[in-house]
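Reviewing the structure listed below.
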Amino acid sequence: MNLIRSSCYFLLLLTNLVVAQSNLEPAIISDRLAQAQTLEHLREETSGRLYVATNNIAPEEIDRAVLNKLMEEIASRPAVAKRRLNVSDSQLQDIFIIISNARSFINGDEMAAVRLMCRAWQNSVLDGEEKVAAALNAYERRKQFTKNFIAKYYAVVLSDIETSLTKPAKISFTAYMDDRRKRIANVGVTSFGSMIKSIPNGNDSIDFHCRG
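Numbering of the sequence shown is given in our numbering, commencing with residue 10 and proceeding in unit increments.
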(Lines of atoms letter the chains of each structure in order from A and count residues from 1; the text may use other names and numbers.)
(Lines give C-alpha, C1' and ligand atoms only; values in the text may rest on other atoms or scores of the structure.)
Protein backbone atom coordinates (compact mmCIF):
# COMPACT_ATOMS: atom_id res chain seq x y z
CA MET A 1 0.00 0.00 0.00
CA ASN A 2 1.42 3.41 -1.01
CA LEU A 3 0.69 5.02 2.35
CA ILE A 4 2.51 2.23 4.25
CA ARG A 5 5.57 2.44 1.97
CA SER A 6 5.72 6.22 2.19
CA SER A 7 5.22 6.13 5.96
CA CYS A 8 8.18 3.74 6.35
CA TYR A 9 10.35 6.09 4.32
CA PHE A 10 8.99 8.97 6.36
CA LEU A 11 9.91 7.32 9.67
CA LEU A 12 13.43 6.52 8.43
CA LEU A 13 14.02 10.16 7.53
CA LEU A 14 12.60 11.30 10.86
CA THR A 15 14.99 9.02 12.71
CA ASN A 16 17.92 10.65 10.93
CA LEU A 17 16.58 14.10 11.74
CA VAL A 18 16.09 13.29 15.43
CA VAL A 19 19.63 11.92 15.70
CA ALA A 20 20.91 15.08 14.06
CA GLN A 21 19.00 17.26 16.48
CA SER A 22 20.28 15.43 19.55
CA ASN A 23 23.92 15.28 18.40
CA LEU A 24 24.43 18.73 16.93
CA GLU A 25 23.81 21.04 19.87
CA PRO A 26 25.45 24.38 19.05
CA ALA A 27 28.64 25.31 20.88
CA ILE A 28 28.50 27.97 23.59
CA ILE A 29 29.33 31.36 22.10
CA SER A 30 32.77 32.62 23.02
CA ASP A 31 33.54 35.06 20.24
CA ARG A 32 33.80 38.52 21.85
CA LEU A 33 32.99 40.25 18.55
CA ALA A 34 29.69 38.38 18.26
CA GLN A 35 28.89 39.28 21.86
CA ALA A 36 29.63 42.94 21.29
CA GLN A 37 27.49 43.03 18.15
CA THR A 38 24.62 41.35 19.98
CA LEU A 39 24.86 43.80 22.88
CA GLU A 40 24.89 46.80 20.54
CA HIS A 41 21.93 45.43 18.59
CA LEU A 42 19.92 44.90 21.77
CA ARG A 43 20.69 48.41 23.01
CA GLU A 44 19.63 49.96 19.70
CA GLU A 45 16.47 47.89 19.39
CA THR A 46 15.20 48.10 22.94
CA SER A 47 16.48 51.33 24.52
CA GLY A 48 15.38 49.76 27.80
CA ARG A 49 11.89 48.98 26.50
CA LEU A 50 10.17 45.63 26.25
CA TYR A 51 11.02 43.97 22.95
CA VAL A 52 9.76 40.67 21.58
CA ALA A 53 12.30 38.80 19.51
CA THR A 54 9.99 38.01 16.60
CA ASN A 55 6.83 39.93 15.76
CA ASN A 56 6.10 37.67 12.80
CA ILE A 57 6.39 33.95 12.44
CA ALA A 58 9.83 32.73 11.41
CA PRO A 59 10.07 31.51 7.79
CA GLU A 60 11.21 28.10 9.05
CA GLU A 61 7.94 27.68 10.98
CA ILE A 62 5.45 28.68 8.28
CA ASP A 63 4.81 25.19 6.87
CA ARG A 64 4.29 23.88 10.38
CA ALA A 65 1.72 26.60 11.07
CA VAL A 66 -0.06 26.07 7.73
CA LEU A 67 -0.35 22.31 8.22
CA ASN A 68 -1.60 22.71 11.78
CA LYS A 69 -4.30 25.07 10.48
CA LEU A 70 -5.16 22.55 7.78
CA MET A 71 -5.55 19.81 10.38
CA GLU A 72 -7.94 22.03 12.34
CA GLU A 73 -9.89 22.77 9.16
CA ILE A 74 -10.18 19.06 8.33
CA ALA A 75 -11.45 18.36 11.85
CA SER A 76 -14.02 21.18 11.86
CA ARG A 77 -15.02 21.44 8.19
CA PRO A 78 -14.06 18.20 6.42
CA ALA A 79 -16.36 18.77 3.43
CA VAL A 80 -14.80 22.18 2.75
CA ALA A 81 -11.27 20.81 3.11
CA LYS A 82 -12.08 17.86 0.84
CA ARG A 83 -13.42 20.14 -1.88
CA ARG A 84 -10.59 22.65 -1.55
CA LEU A 85 -7.89 19.99 -1.79
CA ASN A 86 -9.71 17.93 -4.43
CA VAL A 87 -9.19 14.70 -2.48
CA SER A 88 -11.21 11.61 -1.59
CA ASP A 89 -12.40 10.78 1.91
CA SER A 90 -9.55 8.30 2.40
CA GLN A 91 -6.94 10.80 1.17
CA LEU A 92 -8.33 13.45 3.51
CA GLN A 93 -8.08 11.02 6.39
CA ASP A 94 -4.48 10.15 5.44
CA ILE A 95 -3.54 13.85 5.39
CA PHE A 96 -5.13 14.35 8.80
CA ILE A 97 -3.25 11.38 10.30
CA ILE A 98 0.13 12.46 8.87
CA ILE A 99 -0.22 16.02 10.20
CA SER A 100 -1.54 14.82 13.56
CA ASN A 101 1.43 12.48 14.00
CA ALA A 102 3.84 15.27 13.06
CA ARG A 103 2.23 17.68 15.50
CA SER A 104 2.52 15.13 18.32
CA PHE A 105 6.19 14.48 17.52
CA ILE A 106 7.48 18.05 17.27
CA ASN A 107 7.94 20.52 20.08
CA GLY A 108 9.78 23.81 20.33
CA ASP A 109 12.61 22.34 22.44
CA GLU A 110 12.39 25.41 24.65
CA MET A 111 14.12 23.81 27.65
CA ALA A 112 17.20 22.91 25.59
CA ALA A 113 17.53 26.58 24.61
CA VAL A 114 17.08 27.67 28.23
CA ARG A 115 19.71 25.16 29.43
CA LEU A 116 22.18 26.44 26.85
CA MET A 117 21.45 30.03 27.89
CA CYS A 118 22.14 29.17 31.53
CA ARG A 119 25.30 27.26 30.67
CA ALA A 120 26.59 30.22 28.66
CA TRP A 121 25.78 32.59 31.51
CA GLN A 122 27.36 30.37 34.19
CA ASN A 123 30.55 29.76 32.18
CA SER A 124 30.99 33.34 31.01
CA VAL A 125 33.89 35.44 32.32
CA LEU A 126 32.06 38.63 31.32
CA ASP A 127 30.12 40.93 33.63
CA GLY A 128 26.88 42.86 33.60
CA GLU A 129 25.09 43.50 30.32
CA GLU A 130 27.81 41.78 28.27
CA LYS A 131 27.26 38.58 30.24
CA VAL A 132 23.50 38.77 29.71
CA ALA A 133 24.00 39.46 25.99
CA ALA A 134 26.26 36.42 25.64
CA ALA A 135 23.64 34.22 27.32
CA LEU A 136 20.83 35.56 25.12
CA ASN A 137 23.01 35.04 22.06
CA ALA A 138 23.45 31.39 23.02
CA TYR A 139 19.70 31.08 23.52
CA GLU A 140 18.96 32.52 20.08
CA ARG A 141 21.54 30.24 18.44
CA ARG A 142 19.79 27.20 19.90
CA LYS A 143 16.35 28.51 18.92
CA GLN A 144 17.55 28.98 15.33
CA PHE A 145 18.96 25.45 15.35
CA THR A 146 15.53 24.15 16.39
CA LYS A 147 13.76 26.22 13.72
CA ASN A 148 16.06 24.75 11.08
CA PHE A 149 15.25 21.26 12.33
CA ILE A 150 11.50 22.00 12.20
CA ALA A 151 11.80 23.27 8.63
CA LYS A 152 13.58 20.08 7.53
CA TYR A 153 11.10 17.91 9.43
CA TYR A 154 8.06 19.52 7.83
CA ALA A 155 9.64 19.29 4.38
CA VAL A 156 9.54 15.52 4.95
CA VAL A 157 5.93 15.76 6.18
CA LEU A 158 4.93 17.64 3.02
CA SER A 159 6.70 15.09 0.84
CA ASP A 160 4.88 12.26 2.61
CA ILE A 161 1.50 13.95 2.03
CA GLU A 162 2.24 14.62 -1.64
CA THR A 163 3.20 11.01 -2.36
CA SER A 164 -0.28 9.90 -1.30
CA LEU A 165 -2.09 12.31 -3.66
CA THR A 166 -3.26 11.99 -7.24
CA LYS A 167 -1.88 14.50 -9.73
CA PRO A 168 -4.98 16.79 -9.62
CA ALA A 169 -5.05 16.61 -5.82
CA LYS A 170 -1.33 17.43 -5.64
CA ILE A 171 -1.89 20.55 -7.77
CA SER A 172 -4.72 21.65 -5.46
CA PHE A 173 -2.68 20.90 -2.35
CA THR A 174 0.31 22.89 -3.67
CA ALA A 175 -1.95 25.85 -4.49
CA TYR A 176 -3.49 25.64 -1.00
CA MET A 177 -0.10 25.61 0.69
CA ASP A 178 1.20 28.56 -1.36
CA ASP A 179 -1.91 30.62 -0.58
CA ARG A 180 -1.82 29.86 3.14
CA ARG A 181 1.92 30.51 3.38
CA LYS A 182 1.37 34.02 2.01
CA ARG A 183 -1.53 34.66 4.37
CA ILE A 184 0.27 33.51 7.49
CA ALA A 185 3.44 35.39 6.58
CA ASN A 186 1.47 38.62 6.16
CA VAL A 187 -0.91 38.61 9.12
CA GLY A 188 1.68 38.96 11.87
CA VAL A 189 1.29 35.52 13.46
CA THR A 190 3.85 35.25 16.24
CA SER A 191 6.58 32.66 16.33
CA PHE A 192 6.27 29.53 18.47
CA GLY A 193 7.84 29.99 21.91
CA SER A 194 9.45 33.38 21.32
CA MET A 195 11.46 34.86 24.18
CA ILE A 196 11.73 38.53 25.16
CA LYS A 197 15.08 39.77 24.01
CA SER A 198 15.92 42.97 25.84
CA ILE A 199 18.76 43.28 28.31
CA PRO A 200 16.51 44.11 31.33
CA ASN A 201 14.02 41.33 30.57
CA GLY A 202 16.77 38.93 29.59
CA ASN A 203 18.30 39.55 33.00
CA ASP A 204 14.93 38.72 34.60
CA SER A 205 14.80 35.46 32.64
CA ILE A 206 18.31 34.56 33.76
CA ASP A 207 17.38 35.34 37.37
CA PHE A 208 14.43 32.97 37.09
CA HIS A 209 16.02 30.10 35.14
CA CYS A 210 19.73 30.22 35.94
CA ARG A 211 20.27 31.70 39.40
CA GLY A 212 17.80 29.60 41.31
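Glycine included, C-beta positions come from ideal geometry on N, C-alpha and C.
Member of the options whose CA lies at the smallest distance from the CA of residue i
i: T183; options: L76, P68, E69, K140; result: L76
i: A144; options: L125, S85, E70, L79; result: L125
i: L101; options: K179, N195, R189, I193; result: K179
i: A111; options: A74, D98, R128; result: A74
i: E82; options: I115, R189, D118; result: R189
i: E69; options: K78, Y162, D216, S214; result: Y162
i: D169; options: M80, K191, A90, I104; result: I104
i: A122; options: V134, F114, N146; result: N146
i: K78; options: E171, A67, S109, I215; result: S109
i: C219; options: S97, V141, L174; result: V141
i: W130; options: L174, Y148, S173; result: Y148
i: S181; options: R93, A88, S85; result: R93
Residue i - DSSP class collapsed to helix/strand/coil
i: I215; result: helix
i: S133; result: coil
i: I66; result: coil
i: V196; result: coil
i: R58; result: Since pLDDT at R58 reaches only 37, below the 50 mark, its modelled position is unreliable, and no value is offered.
i: D118; result: coil
i: E49; result: Summary for E49: the model assigns pLDDT 49, below 50, so the residue's position carries little reliability, and this model does not support an answer.
i: C220; result: Sequence inspection shows Arg at residue 220; the Cys mentioned does not correspond to that position. R220 falls in the coil class under three-state DSSP.
Residue range of the alpha helix (DSSP H) that includes residue i
i: I107; result: 98 to 114
i: P87; result: 87 to 94
i: T175; result: Run containing T175: none; DSSP gives neither H nor E here.
Residue i burial status per 10 Å Cβ neighbour count (16 or more: buried)
i: T155; result: buried
i: A90; result: buried
i: S99; result: exposed
i: I106; result: exposed
i: R151; result: buried
i: M186; result: buried
i: V231; result: Coverage of the chain is limited to positions 10 through 221, which leaves residue 231 absent and any answer about it impossible.
i: A67; result: buried
i: S97; result: exposed
i: G211; result: buried
i: D72; result: buried
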